[in-house]
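Positions 1 to 222 (the working numbering) are the ones given, in order, by the sequence shown. Even for Gly, the Cβ is constructed at its ideal location relative to N, Cα and C. In what follows, a structure is listed as structure tokens, so that the remarks can point back to it.
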Amino acid sequence: MTKAARAFVFDMDGTIVDNMAFHTSSWISFFARRGQLLDADDFFRATAGRQGGEIMRSYLGEHLSDDEVALLNHEKESVYRELYAPHRKAVAGFDELVAQAKADGVKLAVATAAPPANIDFTLDGLDVRKHFDAVVGAADVARGKPHPDVFLKAAERCGVAPEHCIVFEDAPLGVEAARRAGMRCIVLTTTLPAANFADYDNVIAIARDFSELPAALLFAAE
């Protein structure tokens with residue numbers, strides 16, 4: 001029988017908010033200024049879910065110091081926030097899902113590769129931080145997705161075993177991180193079509209947004 005979900009763990013970018021096109025645009029612009037012309041779709045598939053510092057070192061060199069990475073990240077993320085601010089809103093059905101989860105006693109967590117400033121920008125900008133029992137970001141774990149660290153940390157802070165968590169994701173690296181954490185995953189196709197997730201055996205549903213997800217799947221009894 002299906003294990004009841006005792007915690008919902010949300011990726012943030014591309015899941016709570018449909019913002020990945022703005023992130024990708026800011027990355028492409030950032031690297032173009034440094035002489036690297038990148039394909040947006042290929043870049044997204046290779047990097048979505050990874051921490052900014054990991055991306056910087058992958059494309060600009062492992063020699064970058066932590067201070068250099070911090071300055072470069074600040075530049076890139078400032079561009080992203082300026083681009084996305086006029087469009088900031090939650091994905092359809094998110095508020096309703098959160099309300100139902102809280103009514104049913106399901107713990108809620110955010111597990112994201114985003115830096116603290118972007119977490120504040122999104123969660124406080126939408127006034128949704130108050131709903132979450134745990135918020136885990138890039139500053140809280142050493143390794144980004146596809147490593148499972150961020151999801152395992154979120155489950156630990158919620159006091160819920162991984163097998164009783166459902167992760168919401170939009171990117172293959174995030175789905176793989178959930179798989180490695182031993183968690184079921186629901187995919188939102190805000191950024192990539194469903195075909196990109198066909199090979200993941202931990203995916204239990206794929207939808208365009210939260211409003212398409214049946215309550216029987218999310219709140220199944222044990």
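CA-to-CA distance, residue j to residue i, given in whole angstroms
{"i": "T24", "j": "A40", "result": "6 Å"}
{"i": "A161", "j": "K153", "result": "11 Å"}
{"i": "D18", "j": "E62", "result": "31 Å"}
{"i": "M183", "j": "F168", "result": "10 Å"}
{"i": "Y80", "j": "D127", "result": "19 Å"}
{"i": "L232", "j": "M56", "result": "Missing from the structure shown is residue 232; the chain here goes from 1 to 222 and no further."}
{"i": "A5", "j": "D95", "result": "18 Å"}
{"i": "Q100", "j": "R129", "result": "16 Å"}
{"i": "A117", "j": "L37", "result": "27 Å"}
{"i": "L229", "j": "K76", "result": "The chain is shown from 1 up to 222; residue 229 falls before or after that span and cannot be answered."}
{"i": "V69", "j": "D209", "result": "34 Å"}
{"i": "G14", "j": "L60", "result": "25 Å"}
{"i": "G144", "j": "V98", "result": "25 Å"}
{"i": "G174", "j": "D201", "result": "13 Å"}
{"i": "A177", "j": "E54", "result": "16 Å"}
{"i": "A155", "j": "F22", "result": "29 Å"}
{"i": "H74", "j": "D199", "result": "35 Å"}
Run of the alpha helix (DSSP H) containing residue i, from where it starts to where it stops
{"i": "E156", "result": "D149 to C158"}
{"i": "F94", "result": "F94 to A103"}
{"i": "K76", "result": "D66 to Y84"}
{"i": "F44", "result": "A40 to T47"}
{"i": "V175", "result": "P172 to A181"}
{"i": "L217", "result": "A215 to L218"}
Residues of its chain near residue i, where Cβ-Cβ distance is below 6 Å and the 5 sequence neighbours each way are ignored
{"i": "I206", "result": "V187 and A194"}
{"i": "V203", "result": "C185, V187 and F197"}
{"i": "A139", "result": "P116"}
{"i": "V150", "result": "A111, V136 and V141"}
{"i": "G125", "result": "R88"}
{"i": "I119", "result": "G137"}
{"i": "A181", "result": "P148, F151, L152 and P162"}
{"i": "P146", "result": "L173, E176 and A177"}
Extent of the continuous beta strand (DSSP E) run through residue i
{"i": "L188", "result": "R184 to L188"}
{"i": "F22", "result": "Unbroken run through F22 is the alpha helix (DSSP H), M20 to A32; no beta strand (DSSP E)."}
{"i": "V203", "result": "V203 to A207"}
{"i": "E169", "result": "C165 to E169"}
{"i": "A7", "result": "A7 to F10"}
CB-CB length for residue i against residue j, believed under 8 Å
{"i": "M20", "j": "T190", "result": "7 Å"}
{"i": "F219", "j": "D67", "result": "Actually they are not in contact, since the Cβ atoms of F219 and D67 sit about 47 Å apart, beyond 8 Å."}
{"i": "Q51", "j": "A113", "result": "5 Å"}
{"i": "A171", "j": "A32", "result": "At roughly 22 Å, the Cβ-Cβ gap does not stay under 8 Å, so A171 and A32 are not in contact."}
Cβ neighbours of residue i in the same chain (closer than 8 Å, five flanking residues each side left out)
{"i": "R157", "result": "A109, D133, A134 and V136"}
{"i": "H131", "result": "V98, K102 and L108"}
{"i": "S192", "result": "Looking at the sequence shown, residue 192 is not Ser but Leu. If we look at L192 and ignore the five residues flanking it on each side, its Cβ neighbours are F44, R45, D170, A171 and P172."}
{"i": "G159", "result": "K107"}
{"i": "I166", "result": "A5, A7, F8, V9, M183, R184, C185, I186, I204 and L218"}
Contacts around residue i, its chain only, beta-carbon distance under 7 Å, and the 5 residues preceding and following it disregarded
{"i": "S29", "result": "V79"}
{"i": "I16", "result": "F10, A90, V91, F94 and T122"}
{"i": "L64", "result": "M56 and R57"}
{"i": "G35", "result": "none"}
{"i": "V106", "result": "A5, R6, A7 and F8"}
Residue i CB to nearest heavy atom of the ligand SAM below 6 Å
{"i": "D170", "result": "Summarising the ligand content, the structure contains no ligands, and the ligand SAM is consequently not present."}
Cβ contact check for the stretch 199 to 219 and the stretch 31 to 47: 3 or more pairs under 8 Å: no
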